[in-house]
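Student:
Next up, the structure:
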């Protein structure tokens, strides 16, 4: 879907998270994005989970995964199933 990168980066900005690096690749009608976000000690896990919910619920997003390193280990997998946020 056109404009998806803009929607994702806007969601990061809205949640106050800076993108350090971004990779985008697509094949046919499916694309994936890998974001490396700048996390400070003041960023909470809930802030990342809020961002994940926002991104997952964007039209055109199938699922998302957050991989925590310094903050907390966790599964971090979520899906948009017919408009319902499942994590």
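In the numbering used here, the protein residues as written are 17 to 103.
All residues carry an ideal CB built from backbone N, CA and C; glycine is no exception.
This structure is a prediction, so every number in the text was calculated from the model and none was measured.
Let's test the definition: count the other Cβ atoms within 10 Å of the Cβ of residue 67 and tell me whether it reaches 16, buried, or not, exposed.
Tutor: As a working note, residue 67 is residue 51 in the chain shown. Under this definition residue 67 is a buried residue.
Student: Strictly by DSSP, which residues pair up with residue 79?
Tutor: Within the chain shown, numbered from 1, the residue matching residue 79 stands at position 63. The partner list for residue 79 (beta bridge, DSSP) reads 95.
Student: Taking the DSSP output, what are the residues bridged to residue 63?
Tutor: Translated into positions along the chain shown, residue 63 becomes position 47. Paired residue(s): none; residue 63 is not in a bridge.
Student: Between the Cα of residue 37 and the Cα atoms of 27, 49, 30, which residue gives the shortest distance?
Tutor: As a first step, residue 37 must be located in the chain shown, where it is residue number 21. Considering only alpha carbons, the answer is 49.
Student: By a C-beta neighbour count over all protein chains shown, 10 Å radius and 16 as the cutoff for buried, is residue 89 buried or exposed?
Tutor: Here residue 89 corresponds to residue number 73 of the chain shown, with the count starting at 1. Only weak support exists for where residue 89 lies, its pLDDT of 47 falling under 50; the value from the coordinates is given anyway. Residue 89 comes out exposed.
Student: Given a threshold of 16 other Cβ atoms within 10 Å of its Cβ, counted over all protein chains shown, does residue 78 qualify as buried or as exposed?
Tutor: Locating residue 78 in the chain shown gives position 62, counting from the first residue. Classification for residue 78: exposed.
Student: Going by DSSP, what residue range makes up the beta strand (DSSP E) through residue 53?
Tutor: To locate residue 53, count along the chain shown from 1; it is residue 37. Per DSSP, residue 53 belongs to the beta strand (DSSP E) from 46–54.
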